[in-house]
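Reading through the structure tokens given below for one structure.
In the numbering used here, the protein residues as written are 5 to 239.
Structure below.
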């Protein structure tokens, strides 16, 4: 019986030793695999930062120098010289074509007048809010918008002849472009073109010297001035 008891005790001791050995091995392995599993998990994606600013549409009106282009490539501080470009040539040609219908003399191109027109356009013109407002300068002046090229603006000005009353000559807002175009005492013209790149397409401004549409101090003087300077078309 004593032998059996001691043998049984030895069995229990061996069992405990084996259990301790298994625990020592299994626990680190389980921890290792746990660490491996956690390292294989995809990292969490950082949240996208929200914008702290709100985009807004521009409310300021672009200046005429950044939103327009005039036909002259010279700087405003110098009077341009040289040959006319195609639109300038067409403007001058059509002016003289219309004037010849009334037997009045041809106009010559004046670069000083063209520069005045270009400077005024650069200073005052806003293609996004186009208004035909006269410069108030010392010259005669015709404005047009929406008519491309050199012939069309002049043709539109001349078409006011249908509204002009030769039996009651004088100045009228509805015919002022026509009467300036034909004005006999005017002998020089200079124009500037602005491409607006919108529904207005082209802005045309022409300056005339000496100025037309002169109004006298009396109605009789005004009638005489317009009789002398805005003759009827030739037969």
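Ideal placement from N, C-alpha and C gives every residue a C-beta, glycine not left out.
Q | C-beta atoms of residue 224 and residue 125 nearer than 7 Å | A | Counting from 1 along the chain shown, the entry for residue 224 is found at position 220. Counting from 1 along the chain shown, the entry for residue 125 is found at position 121. Annotated as distal: residue 224 and residue 125, with beta-carbon spacing of 7 Å or more.
Q: Express the C-alpha separation of residue 200 and residue 127 in angstroms, rounding to a whole number.
A: As a position in the chain shown, residue 127 is number 123, starting the count at 1. As a position in the chain shown, residue 200 is number 196, starting the count at 1. Taking the straight line joining both Cα atoms gives about 15 Å.
Q.
So for residue 115, helix, strand or coil by DSSP?
A. On the chain shown, residue 115 is found 111 positions in, with the first residue counted as 1. Here residue 115 sits in helix by DSSP.
(Q) Let me check understanding here. Comparing Cα to Cα, which of 93, 144, 110, 186 lies closest to residue 235? (A) For the purposes of this step, residue 235 is taken as residue 231 along the chain shown, with counting starting at 1. It is 186.
Q: List the residues that DSSP assigns as beta-bridge partners of residue 206.
A: Translated into positions along the chain shown, residue 206 becomes position 202. According to DSSP, which records beta bridges pairwise, residue 206 is partnered with 199.
(Q) Let me check one thing: in DSSP terms, what residues is residue 224 bridge-paired to? (A) Within the chain shown, residue 224 is the residue found at index 220, counting from 1. Per DSSP, none; premise fails for residue 224.
Q) Do the region 171-179 and the region 135-153 meet, that is, are 3 or more Cβ pairs less than 8 Å apart? A) Verdict: no, contact absent.
Q. Start and end of the alpha helix (DSSP H) containing residue 180?
A. What you label residue 180 is simply residue 176 of the chain shown in a count that begins at 1. Per DSSP, residue 180 belongs to the alpha helix (DSSP H) from 180-186.
Q. When we look at the beta-carbon of residue 222 and count the other beta-carbons within 10 Å, is it buried (16 or more) or exposed?
A. Position 218 of the chain shown, counted from the first residue, corresponds to residue 222. That one is exposed.
Q | Those residues which DSSP pairs with residue 236 across a bridge | A | Residue mapping note: residue 236 aligns to position 232 of the chain shown, counting from 1. Under DSSP, residue 236 takes part in no beta bridge, so it has no partner.
Q.
Does the distance between the C-beta of residue 130 and the nearest non-hydrogen atom of the ligand ZN fall short of 6 Å?
A. With respect to the ligand ZN, the structure shown offers nothing to examine, as it has no ligands at all.
Q: Give the straight-line distance between the Cα atoms of residue 112 and residue 96, rounded to the nearest whole angstrom.
A: Position 108 of the chain shown, counted from the first residue, corresponds to residue 112. Position 92 of the chain shown, counted from the first residue, corresponds to residue 96. Each residue's alpha carbon lies about 8 Å from the other.
(Q) What does the alpha-carbon distance come out to for the pair residue 118 and residue 210? (A) Translated into positions along the chain shown, residue 118 becomes position 114. Translated into positions along the chain shown, residue 210 becomes position 206. Between residue 118 and residue 210, the C-alpha separation is close to 7 Å.
Q: Assign residue 147 to one of three DSSP states: helix, strand, or coil.
A: For this step, residue 147 is matched to residue 143 along the chain shown. The answer is strand: DSSP assigns residue 147 an E or B state.
(Q) Just to confirm, is the Cβ distance from residue 90 to residue 152 under 7 Å? (A) The residue you call residue 90 lines up with position 86 of the chain shown. The residue you call residue 152 lines up with position 148 of the chain shown. Between residue 90 and residue 152, the C-beta gap is not smaller than 7 Å, which leaves the two residues out of contact.
Q) Nearest-angstrom Cα distance between residue 169 and residue 121? A) If you number the chain shown from 1, residue 169 lands on position 165. If you number the chain shown from 1, residue 121 lands on position 117. About 30 Å.
Q: Using three-state DSSP, classify residue 152 as helix, strand or coil.
A: For this step, residue 152 is matched to residue 148 along the chain shown. The answer is coil: DSSP assigns residue 152 none of H, G, I, E or B.
Q. Terminal residues of the continuous alpha helix (DSSP H) containing residue 104?
A. Reading the chain shown from its first residue, position 100 is the one you call residue 104. Its alpha helix (DSSP H) spans residues 90-104.
**Q.** Residues of its chain near residue 229, where Cβ-Cβ distance is below 6 Å and the 5 sequence neighbours each way are ignored
**A.** In the chain shown, the residue the question calls residue 229 occupies position 225. Correct list, in chain order: 218, 220.
Q) Name the DSSP bridge partner or partners of residue 192? A) As a working mapping, residue 192 is identified with position 188 in the chain shown. Answer is 112, 213, bridged to residue 192.
(Q) Using CA atoms only, rank isn't needed, just tell me which of 182, 212, 171 is closest to residue 190. (A) Within the chain shown, numbered from 1, the residue matching residue 190 stands at position 186. Among 182, 212, 171, the Cα nearest to that of residue 190 is on 212.
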